[in-house]
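Colleague: Residue numbers (my numbering): 11 to 119.
Yeah, the Cβ is synthetic: ideal placement off N, Cα and C, and Gly gets one too.
1. Report yes or no: do three or more beta-carbon pairs, one from the region 54-66 and one from the region 109-116, lie closer than 8 Å?
2. Would DSSP call residue 69 helix, strand or coil?
3. With a floor of 3 residues, list each beta strand (DSSP E) that falls wholly inside the region 69-116, ordered by position along the chain.
4. Could you pull out every residue in the same chain whose Cβ sits closer than 7 Å to the Cβ of residue 102, ignoring the five residues on either side in sequence?
5. For residue 14, which residues from the same chain have a beta carbon less than 6 Å from its beta carbon, with the 5 sequence-adjacent residues on both sides left out?
6. Measuring alpha carbon to alpha carbon, tell me which residue in 22, 60 and 38 is nearest residue 44.
7. Counting only the same chain and skipping the five closest in sequence on each side, list residues whose C-beta sits under 7 Å from that of residue 85.
8. What is the rounded straight-line gap between the Cα of residue 55 and the Cα of residue 20?
9. Near residue 25, which residues of its chain fall below 7 Å by C-beta distance, leaving aside the five closest residues on each side in sequence?
10. Have a look at the DSSP bridge pairing and note the partners of residue 17.
11. From the DSSP secondary-structure annotation, give me the bridge partner or partners of residue 47.
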């Protein structure tokens, strides 16, 4: 299983935790919000990023600025919350990920 999304960063706002920023992005057919902690990933408003979600570790990690392993968090309301080491990615509408299944989420600019 592999899902690829090309998203444009719409806004970056300060979060409630020191060093946290909340990124809002849109892609064809949906929107995404995710936590950006410290300098984990350098993005700015208007940047285009590619997000890859797959059930197996990518063989070549070099093209990605961020890659982590995580799980879908049970939620409702037509959205999916995906957690990578506690960093939350909120997809609306959901992508059809399965609860209790491990996925890799990778981002490149």
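Modeller: A quick look at the data gives this:
1. yes
2. coil
3. 76-83, 90-94 and 97-102
4. 40, 41, 88 and 89
5. 62
6. 22
7. 91
8. 6 Å
9. 31, 32 and 45
10. 37 and 59
11. 30
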